[in-house]
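Accompanying notes for the structure given below.
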Amino acid sequence: MNTNIKISGTDGESTIDRSKTITQPPTSKQKSVEQSVKIDQIGKESIHSPKSQTTKESQLKGKISESLQGLKDPITEKLGVKILKPSTEKFDKTVSESQLLEAKRINEEIAALLKNLDRSNARETLQKVKEFPKNYHTLQVRLACMKADPKIETWEALTYPSAKTLLEEKNKGVISLKAFLRKPGIWLPEIDRINLKIMENMLIRLGRVMTDNPEFPSDASETRKTSMEVAAFQRTMTKPQRTKKKSVTIARGAPSAGKTSYLQGVFALACDDIKVTLLNHFLGLNSQQTHFQSTAITDSFRDGAEKMFGQALTTDALFVSNEAIIKKIAEAKKNKQQTRMTDIHVDLKTLCCRILKRTPYEPIMNFKSLSDSYQQSLVNRKSSIDLVKENLNTINEYKITSWKDGRFVTVAELDPETNKINIIDQDEYNRIVNANQDAIAKEIVDIGKTVITDDFIAEFIRGMPTDAAAVFKTALEKYKDKTLGEALNAHSEVAIEELSAGARVIQKALPSF
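Spelled out as structure tokens, the structure:
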């Protein structure tokens, strides 16, 4: 069964007119546009060809989606009925005269708030909006606050609890905050529906990956083949624990090091895919504003799906901390799965330029976030090698690669015959494995202060293929005369432009769910 597909919900998530309610269904023309776009495992888009394959895949997706509805109750129980469960609170729809007057007053108050809204008062305005009655539609004004202040994140703006309550949960730690956000009645109803639809589509994708290809009779019609594939999918979903164990892949490295490209062809849970969906729902926001919500959804789904299928799943994440690696290896070992791991190093200057080349549909971040992850990847690399050595009964493939002179070179590699890690490039190994912390800190300061000039750009793109050089040149010239640190900070707040669905198809930017 082909798993390299775009799975889209039936509620027209990717082609909705963003100026209207998010539950508005797409037109037939919009559906046609949406079905013509394919998203592969690494989150990059390409146009389907030939058309007949698009139609067949679309029909199969529709049948599988329908079959999931019939299994919805038992599936949600296995996946975890409490994760991101929508609120069951019902509001009285009877409207009295006093309620109409109250609504009018709130409307006038919102109009006044929006009239004076800017970055300096966006958070204060948001808290006033949160004090309005729950049954009052406040999504658009909340989004307006987020657009006014690009530092406000979705979990802060699109939830009911006050800033004080959310801060208390945040101070308890990331795990506690994510658990709090899973509770019913936390998110606005519109966001609850989006969260659940994303998880449902992720489940369909995963179910198809876990489903073995049926053996078709030589004379089977296309209709018969579709029925057999749907039946195989249903068997997988009703008895998920019986699915064949998949190997787990760990790609370690700083943001933009090349982990996602390494994972191409492997089903990997990635919060970046979810970001694309959220950003297309709420045009005008930036990647960082949707980051925490995306990771919360990914974690919730992963926890439930791993329990449901009885095996660890590959995750497209940083793995720069040893804790993350230890946990993933332990999950694989518990479920008797083999693990392969690669550790990718790219210098900080190149990472900065790669991030600056990205569009708002890709993960972008400020300089501190990038440099912190870069520092962690270097500082923890040596101890991560020790973890590999301690778990050779589970890890059957391991490699360290480094970006050097415009290409990746193998620095060290596990020999499966001797179960020893052979160092291939000793000088590079010493540089990226035995790095001095003071030297790392100095590199971060120096790179952050590096000014983007014509000479800098020319030097950076020297030796690149013409097309790649042109893309980098265009991206870097936008921030000429700024330091790399200033450029990344500015780039991290770039929001999705409010384009039509057709324009986004042309830009190959529709979401993967």
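Per the numbering used here, residue 633 is the first one in the sequence shown, and the count goes up by one each step. Using N, Cα and C, we set each Cβ at its ideal position, and we do this for glycine too. Computed from a prediction, not measured in an experiment: that's the story for all the values here.
Fully contained in the stretch 822–904 are the following beta strand (DSSP E) runs of length 3 or more, in chain order: 880–884. Where W819 is concerned, there is no enclosing alpha helix (DSSP H), because DSSP gives it neither an H nor an E.
Taking the Cβ atoms as the reference, N912 lies roughly 12 Å from A1127, outside the contact range of under 8 Å.
DSSP places A1044 in the strand class (E or B) of the three-state scheme. With fewer than 16 other Cβ atoms inside 10 Å of its own Cβ, N1051 counts as exposed. By a beta-carbon distance limit of 8 Å, Y1006 contacts A886. Their separation comes to about 4 Å.
Ranking N1025, V1043 and V898 by CA distance to the CA of E1049 puts N1025 first. Here the alpha carbons of I807 and I836 stand approximately 26 Å from one another.
Beta-bridge annotation (DSSP): Y1030 is paired with M973.
Between N954 and N1012, the beta carbon gap of about 6 Å places them in contact (Cβ cut-off 8 Å). N1062: member of the alpha helix (DSSP H) spanning Q1058 to V1065, first to last residue.
Judged by pairs of C-beta atoms under 8 Å, the stretch 1089–1101 does not touch the stretch 1113–1128, as fewer than three such pairs exist. Here R1039 is bridged, per DSSP, to K1036.
T946 and Q969 have their alpha carbons spaced roughly 11 Å apart. Looking from the CA of K981, the closest CA among V1077, A1044 and Y792 belongs to V1077. Secondary structure of N1051 (DSSP, three-state): coil.
Distance check between E785 and each of N803, R755, E800 and Y768 places R755 closest, using alpha-carbon atoms only. For Y1006, the enclosing alpha helix (DSSP H) covers residues F999 to V1011. Taking a contact as a CB-CB distance under 8 Å, the pair G839 and F865 counts as one, their CB atoms being some 6 Å apart. Residue state for T1106 is assigned as helix, using DSSP reduced to three classes. Between the C-alpha atoms of D979 and L746 there is a straight-line separation of about 44 Å. A928 places its beta carbon 8 Å or farther from that of V880. Excluding five sequence positions before and after E1029, the CB atoms of its chain that fall closer than 6 Å to its own CB belong to R972, given in chain order. Linking T770 to A776 through their CA atoms gives a straight-line distance of about 10 Å.
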